[in-house]
Amino acid sequence: MLNTRKFKLAGATAMAAIMVGSFGLFGCSSNSAEEAQPAEGQAAEQTAEPQEQVQLQIFAANSLEKALDEVQALYTEQTGVTFADTQYEASGTLNEMLGGGATADIEITASKGTMDTAVEEGYVDESTRFDMFTNDLVIVAGTDSDIDEITLEEAASGDYKIAVGDDNVPAGNYAKQALSTVGAWVDEEGTVGAESDGKGGTFDGTPLEGKVTEGKSVGDVCSYANTGDVDLAFVYSSDVYRFGNVKIVGTVPADACKAIVYPAAVCANTENADAAQAFLDWAVSDEDALKIWQEWGFELA
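Take the sequence shown: its letters are residues -27 to -1, 1 to 274, numbered as in mature numbering (1 follows the signal peptide of the UniProt record, and there is no 0).
Structure (C-alpha cells):
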C-alpha cells in the first residue's frame, strides 16, 4: 500500500429476516460514550460463525466501494449472510437518506463530523460506534501531466486549476481546511485548518478564485484530473487504487486538516442489530478481510 501521508437509493428497505438458531456475537467495548472498540483479546483472525437467512443493508462512504464489495463477498462465502445493494454515497448524503426515512443496518462514513450528526439525529446507535479506518489526503494529477511533485502552497498559488469535493464530500471538507491554512479558502466563521469544518466558505478573494471545480463525489474529483479538466485534484490516497489514471504528486500535511477517520456504527432502526455488529467485528479482525482493506489503501484506526 502507499505510504504517502497519506441509492441510487435502493427504494426498498433493507430486508430484515428472522435469524434461525443462534450465532456468536462479537461484543463491542462500551468504555467510551462516543466510540465502542471491538472487544479486547480477540484473535487477529476471527472465523465467522455461520449465519442463516440474514441480509444486511449497508450505507457507506463512496471511497469504500471496491474494498467493501470484496469484503462483503468474503463474508457471504464464510457465513451465508448476504447483502442488499450497498449504497455508496457522499457521507452527508447518507445521513440525508437516513433522515428521509431510508433504512439500513450499518452506516460507515468518511468523517467524524458526519457520524456525529448521525448520532445526534438518532440514525445510529452511539454505543456501537467505533473508528474503523484512517486515510490520507493527497494531491493528484493525470498520469500524462508534466507535474511530478508539488506542495500544498504551490497547488494553492493560483497557477493551477484544481478540483475538490463539495460540502457533502468529506474529502472536499478536508481539502478546504488544508487550503485555508495557506490563504486559498476562507471559512465564513474565520476559522482555519483543523479548527474549521471545511463547509460554507468561499474561494472568492483568494488566489484560487475562479479556478476551482467542486465535485459531488471523490470519483468526480478524480475524473476531472484524469481528463485534464483541472491540473490538480485533492482526494484520498485510497482513491488512487480505486480509479487509476491519476498519480500522486503531493501529500497534504496531516496537521493542515482534521484527522481523516472512517467511523462505523449499527443503525438505530435495524432489525438485524446482532448480525450487523457481528459483521463489523469480523471486518476488522479477519485476516483475509484485513488484507483486502490494505490492498485498497485503508489502514485500521
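Ideal Cβ positions, reconstructed from N, Cα and C, are used throughout, including at glycine. The structure presented is a predicted model; accordingly, all values stated were derived computationally and were not measured.
Give me the Cβ distance between residue 57 and residue 114, rounded to the nearest whole Å; I'm assuming they're in contact under 8 Å.
That pair is no contact at about 37 Å.
By the three-class DSSP mapping on this structure, what secondary structure does residue 244 have?
Coil at residue 244, not helix or strand.
As assigned by DSSP and simplified to three states, the class of residue 97:
Look at residue 97 here: in three-state DSSP terms it is strand.
Can you list, in chain order, the residues of its chain with a C-beta nearer than 7 Å to that of residue 271? Leave out the 5 residues immediately preceding and following it.
These residues qualify, in order along the chain: 40, 106, 108 and 211.
Give a yes or no on whether the C-beta atoms belonging to residue 157 and residue 129 are separated by under 7 Å.
In this structure, residue 157 lies near residue 129, with their beta-carbon atoms less than 7 Å apart.
Is the separation between the beta-carbon of residue 205 and that of residue 79 shorter than 7 Å?
Against a cut-off of 7 Å, the Cβ pair of residue 79 and residue 205 comes out as no contact.
Close Cβ partners of residue 175 (< 6 Å) along its chain, the five nearest in sequence each way excluded
The residues are 159.
Are the beta-carbon atoms belonging to residue 222 and residue 126 less than 7 Å from one another?
Going by C-beta atoms, residue 222 is not nearer than 7 Å to residue 126.
Are the CB atoms of residue 248 and residue 44 nearer to each other than 7 Å?
Taking 7 Å as the Cβ cut-off, residue 248 and residue 44 do not qualify as a contacting pair.
Name the two residues that bound the continuous beta strand (DSSP E) containing residue 107.
For residue 107, the uninterrupted beta strand (DSSP E) segment begins and ends at 103 to 107.
Which runs of the beta strand (DSSP E) spanning at least 3 residues fall entirely within the segment 174 to 250, listed in chain order?
Listed in chain order, they are 185 to 188, 205 to 209, 219 to 224 and 234 to 239.
Just reading off the beta strand (DSSP E) that residue 270 is part of, what are its end residues?
Run containing residue 270: none; DSSP gives neither H nor E here.
Contact check, residue 133 vs residue 230 under 8 Å by CB: the rounded distance?
That belief does not hold up - the Cβ atoms of residue 133 and residue 230 are roughly 19 Å apart, past 8 Å.
For the beta strand (DSSP E) containing residue 61, name the first residue and the last one.
Start and end: 60 to 62.
What three-state label does DSSP hand residue 90 in the structure shown?
Looking at residue 90 - three-state DSSP - the assignment turns out to be helix.
Got a sec? Which residues, its chain only, sit under 7 Å from residue 155 by beta carbon, not counting five neighbours each side?
Closer than 7 Å at the Cβ level, and outside the excluded window around residue 155, lie 125, 126 and 129.
Which residues in the same chain as residue 14 place their Cβ atom closer than 6 Å to its Cβ, once the five residues preceding and following it in sequence are excluded?
Unreliable placement is indicated for residue 14, whose pLDDT of 42 sits below 50; no coordinate value is reported for it.
According to DSSP, is residue 163 part of a helix, a strand, or is it coil?
Correct three-state label for residue 163: coil.
So residue 48 and residue 240 are in contact, right, with Cβ under 8 Å, and what is the actual spacing, rounded?
Cβ atoms of residue 48 and residue 240 stay farther apart than 8 Å, at about 18 Å.
Less than 7 Å between the beta carbons of residue 151 and residue 225, yes or no?
Here residue 151 is near residue 225, since their CB atoms are less than 7 Å apart.
Nonlocal neighbours in the same chain, by C-beta distance under 6 Å from residue 143, ignoring five residues either side
Once the five neighbours on either side are set aside, the close Cβ partners of residue 143 are 64, 83 and 84.
I'd like to know whether the C-beta atoms of residue 189 and residue 171 end up nearer to each other than 7 Å.
At a Cβ-Cβ threshold of 7 Å, residue 189 and residue 171 do not count as neighbours.
For the beta strand (DSSP E) that contains residue 125, what are its first and last residues?
Looking at the DSSP string, residue 125 is not in any beta strand (DSSP E); the run it does join, the alpha helix (DSSP H), is 125 to 128.
Looking only at its chain, what residues have a beta carbon closer than 7 Å to the beta carbon of residue 256, apart from the 5 residues adjacent to it on each side?
Same-chain partners within the cutoff: 44 and 262.
Which residues in the same chain have their Cβ closer than 7 Å to the Cβ of residue 214, if we skip the five residues on either side of it in sequence?
Excluding its 5 nearest sequence neighbours in each direction, residue 214 has C-beta neighbours in its own chain below 7 Å: 269 and 270, listed in chain order.
Assign residue 200 to buried or exposed, taking buried as 16 or more other Cβ atoms, counted over all protein chains shown, within 10 Å of its Cβ.
With fewer than 16 other Cβ atoms inside 10 Å of its own Cβ, residue 200 counts as exposed.
Is the beta carbon of residue 61 closer than 7 Å to that of residue 33?
In this structure, residue 61 lies closer than 7 Å to residue 33 by Cβ.
Please report the distance separating the alpha-carbon of residue 89 from that of residue 235.
Each residue's Cα considered, the two are about 12 Å apart.
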